[in-house]
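Numbering (UniProt numbering), first residue to last: 1 to 949.
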């Protein structure tokens with residue numbers, strides 16, 4: 001590997017480093033280590049057949065060429081996606097800032113206060129605009145939020161509805177088609193029926209337990225749903241509303257007319273179109289439903305000294321903890337995009353948001369008036385931004401399409417021949433003039449150009465919003481760029497990210513997100529593309545998607561790929577839906593059981609339940625492997641009903657199980673499929689793959705193995721790769737003429753972040769990817785060798801080596817000293833490190849994954865820190881440190897405590913704050929002391945208006 005190659009920049013260790021590390025591990029060569037770690041019978045015989053590696057410069061030119069093939073027409077297609085203006089201060093200081101895009105999910109509260117505050121801003125804005133008391137801090141997209149609403153309302157059925165077996169959701173026919181499609185995918189395996197109809201003709205029935213309407217509806221019409229909602233509630237039905245968030249600045253919010261759930265997208269709050277994603281969905285509901293709500297909620301709490309702070313509330317609700325009892329498989333959110341949307345609300349405030357909404361509406365009203373003069377008939381009586389026209393007899397939709405395309409404009413064309421458009425934040429008087437000219441030319445008439453944007457009063461009083469919103473001071477203080485820049489900076493200084501130090505989380509793979517991979521995301525050709533443009537306008541995106549799909553097929557050894565799932569858990573669900581469809585196609589639809597090892601990630605059983613399966617748990621042996629006898633017995637016992645095995649490889653215990661091929665054979669002999677969870681695919685790439693091992697389907701976490709950023713909890717992409725027989729059942733998209741197993745709003749899910757993974761693979765290629773895998777395994781074994789004599793390693797493979805991650809034994813420490821794994825995690829913050837994975841997958845342990853991106857210096861520094869903490873533990877054990885007042889149980893030590901006048905601990909400030917020299921050179925000052933989790937759950941306060949007084 002060339003020393004100046006991209007791979008040599010991505011991989012943190014040098015050839016000289018490798019020799020030092022191998023000596024510590026006790027093997028002669030890197031190949032010997034790999035041979036002793038990965039079973040010989042699953043090793044690839046040939047290198048991956050990928051194109052030659054590109055340099056950063058070559059990739060920059062290549063991606064520019066692809067971008068140039070995208071034609072940036074002005075799109076007024078709407079349907080849930082709208083052009084918007086990302087404030088430059090947010091694009092530059094958040095979207096393009098590694099402090100924000102490389103941070104981890106804010107489980108460790110004390111080093112996540114910046115992101116938590118930003119997400120609290122998001123929740124507050126959503127609550128204000130929807131007039132609902134509770135919102136989560138984002139879901140994946142509008143369509144999956146709709147599916148979550150259906151599931152949640154099903155769980156909330158009144159007792160009489162449950163006894164009656166009520167399983168029908170009434171859906172107004174004027175809902176976005178992609179939302180209906182995803183709801184249908186999710187509803188069918190859960191035994192839920194979606195019944196379409198006109199809301200005005202809704203008749204309650206015993207079997208109906210919920211209703212869903214769109215506001216404004218899919219045509220753009222603003223309907224008054226008050227009477228409908230009252231009728232639904234009288235019949236014991238919940239009402240969920242898909243609402244355009246920006247429109248709620250002008251029209252009565254659903255919370256004021258009785259909605260039980262309000263959901264939608266925040267995309268038009270400053271998030272680019274990105275060919276369909278990523279953008280943050282929102283989900284708001286009543287306070288009494290908080291324990292049924294999907295996703296994560298940010299709440300207030302206090303630290304040990306009473307300082308107010310933020311935390312992820314009700315963390316034990318996290319779906320991967322509830323496993324098969326989960327009501328959702330949500331694991332990833334869209335934290336980075338939610339942060340951007342929250343900052344958008346902060347930057348503009350009520351006056352700015354209202355101004356943007358009013359301007360959009362006023363332009364729409366002007367265009368309605370002028371186009372009607374040309375002989376067209378606009379059908380929406382009340383509207384916000386979307387107009388739908390019946391054409392005069394002498395004008396056809398094809399004529400308008402031809403004229404529009406000649407002016408590089410995309411409109412919306414209805415099946416019945418109507419033509420419409422949706423105005424957005426970027427529409428100005430010149431753009432309005434072009435729109436008007438298209439209709440005038442088609443009608444062969446003159447038209448009145450817009451010179452100024454007129455005031456309009458197109459809503460009756462009963463539809464116009466009267467209530468205030470965004471009244472908290474945070475939405476009223478930062479409207480200049482200087483103040484906004486400083487506010488963003490104040491928050492990012494409160495968070496640990498990869499920009500500060502290694503994040504040693506096991507199973508989450510916090511590797512480098514290289515700048516060369518990230519830069520293409522800021523290109524307008526990728527940012528400003530509507531997902532429903534004609535194919536010839538998205539040639540660059542299509543080529544990138546095709547190239548990336550081929551690369552992923554090569555890497556996984558499979559025949560087909562879908563990039564549609566927009567999270568790892570969504571990928572799990574999608575793979576299981578594909579398996580279900582295949583089994584139904586061969587007359588085996590009765591197979592309804594999924595065998596899952598006890599060591600599996602909790603989203604596995606949650607996804608299985610969501611896909612309509614019954615889970616059967618398979619035991620693990622004392623070494624952390626699947627218990628082969630139990631596997632055989634469970635497989636045989638459920639042979640006739642077994643649909644699939646879900647297994648993570650290498651396992652969540654961090655080891656390559658030697659019997660993996662036999663495991664696949666046992667499952668196939670039962671007529672079932674093997675689903676390989678690709679969470680740990682970064683330990684396979686170039687050395688083995690799921691297809692070669694014998695699996696039928698796997699999902700990939702692009703934000704783990706393939707270098708997309710974690711983003712503080714999202715965005716993620718979870719594509720699935722499948723064997724030949726499953727290819728016909730991969731997700732399609734109804735708007736592209738292929739309605740099959742749709743799992744996201746957009747045809748290609750979060751297409752906007754695919755250039756990152758594409759760049760990573762193009763620049764690493766075969767040699768780099770394979771070396772990255774070897775380096776990840778090397779780094780993990782080096783840490784294990786250095787920490788085994790103190791903490792101890794819980795599980796090792798057959799030859800005594802770990803995979804790409806390891807589990808540190810902390811249970812004995814707690815027994816002997818009272819110091820818990822949580823105390824160690826908090827003490828690491830004083831040293832400038834984020835905690836490892838806490839008590840997963842084994843309670844009372846820490847799971848560490850160093851990744852291939854870290855240097856030997858950083859690994860050694862982390863080892864020094866862990867060994868210093870070990871010595872601190874021994875001081876407690878030996879009585880040299882007070883059992884109740886020591887640096888571990890009091891950790892972390894916030895800045896305000898260390899510099900305060902009162903220091904009442906029996907150890908020094910220096911020991912607390914500067915325990916080793918390297919900390920002095922890179923001190924991360926913590927903003928809050930250890931946070932009171934119980935208080936934050938006992939009294940959930942999910943908006944900026946909360947108070948404990």
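Think of the CB as a built atom: it goes at the ideal place given N, C-alpha and C, for glycine as much as any other residue. Computed from a predicted model, the values in this text were never measured in an experiment.
Contact under 7 angstroms by Cβ, residue i with residue j
i, j, result
"residue 187", "residue 194", "yes"
"residue 310", "residue 298", "yes"
"residue 239", "residue 224", "no"
"residue 264", "residue 176", "no"
"residue 807", "residue 842", "yes"
"residue 434", "residue 407", "yes"
"residue 599", "residue 651", "yes"
"residue 127", "residue 943", "yes"
"residue 159", "residue 209", "no"
"residue 331", "residue 603", "yes"
"residue 666", "residue 635", "yes"
"residue 21", "residue 512", "no"
"residue 78", "residue 422", "yes"
"residue 230", "residue 502", "no"
"residue 403", "residue 419", "no"
"residue 858", "residue 775", "no"
"residue 505", "residue 836", "yes"
"residue 672", "residue 643", "yes"
"residue 977", "residue 826", "It is not possible to answer for residue 977, since the shown part of the chain is limited to 1 through 949."
"residue 70", "residue 525", "yes"
"residue 699", "residue 575", "yes"
Closer than 6 angstroms: residue i CB and nearest the ligand PLP heavy atom
i, result
"residue 434", "Judged by which ligands are present, the structure shown has none, so any question about the ligand PLP falls away."
Range of the contiguous alpha helix (DSSP H) that encloses residue i
i, result
"residue 60", "56–68"
"residue 273", "Segment: none, residue 273 is in no alpha helix (DSSP H) and carries neither H nor E."
"residue 829", "821–830"
"residue 989", "Coverage of the chain is limited to positions 1 through 949, which leaves residue 989 absent and any answer about it impossible."
"residue 435", "429–443"
"residue 646", "Not the alpha helix (DSSP H): residue 646 falls in the beta strand (DSSP E), residues 642–648."
"residue 603", "603–610"
"residue 35", "30–37"
"residue 264", "From DSSP, residue 264 is part of no alpha helix (DSSP H) but of the beta strand (DSSP E) over 261–265."
Span of the beta strand (DSSP E) around residue i
i, result
"residue 809", "806–809"
"residue 560", "560–562"
"residue 282", "281–285"
"residue 420", "419–422"
"residue 699", "697–700"
"residue 959", "Outside the displayed span of the chain (1 to 949) sits residue 959, for which this structure offers no information."
Closest Cα partner of residue i within the set the options
i, options, result
"residue 633", "17, 595, 609, 215", "595"
"residue 912", "607, 938, 832", "832"
"residue 143", "184, 106, 499", "184"
"residue 754", "519, 631, 897, 601", "519"
"residue 830", "161, 909, 104", "909"
"residue 550", "51, 12, 46, 926", "51"
"residue 42", "933, 785, 556", "556"
"residue 675", "682, 593, 714", "593"
"residue 521", "708, 584, 656, 946", "708"
"residue 106", "16, 889, 838, 151", "838"
"residue 49", "621, 218, 34, 552", "552"
"residue 104", "134, 703, 300, 37", "703"
(message) Please give the ranges of any alpha helix (DSSP H) in the segment 365–412, keeping only runs that are unbroken, at least 4 residues long and fully inside the region.
(response) 397–406
(request) Check whether the segment 449–464 touches the segment 59–78, counting contact only when three or more Cβ pairs, one atom from each stretch, lie closer than 8 angstroms. (result) no
(request) Run through the segment 50–136 for me and flag every whole alpha helix (DSSP H) of 4 or more residues, listed as ranges in chain order. (result) 56–68, 98–101, 113–130
(request) May I have a chain-ordered list of the beta strand (DSSP E) segments no shorter than 3 residues that lie completely inside the segment 291–347? (result) 297–302, 308–313
(request) Count the C-beta pairs between the segment 349–364 and the segment 711–730 that are closer than 8 angstroms, then say yes if the count reaches three, no if not. (result) no
(message) Please give me, in chain order, every unbroken run of the alpha helix (DSSP H) with length at least 4 that falls completely inside the segment 513–564.
(response) 515–518, 524–527, 539–556
(message) Which runs of the alpha helix (DSSP H) at least 4 residues long sit entirely within the UniProt domain "Glycine dehydrogenase C-terminal" (772–893)? Give them in chain order.
(response) 811–817, 821–830, 856–877
(request) Tell me, please, whether the segment 85–97 touches the segment 537–545 by the rule of three or more beta-carbon pairs shorter than 8 angstroms. (result) no
(message) I'd like to know if the segment 199–213 and the segment 163–171 are in contact, where contact means that at least 3 CB-CB pairs between them fall below 8 angstroms.
(response) yes
(request) For the segment 677–735, list the beta strand (DSSP E) runs that are entirely contained and at least 3 residues long, ordered along the chain. (result) 697–700, 720–722
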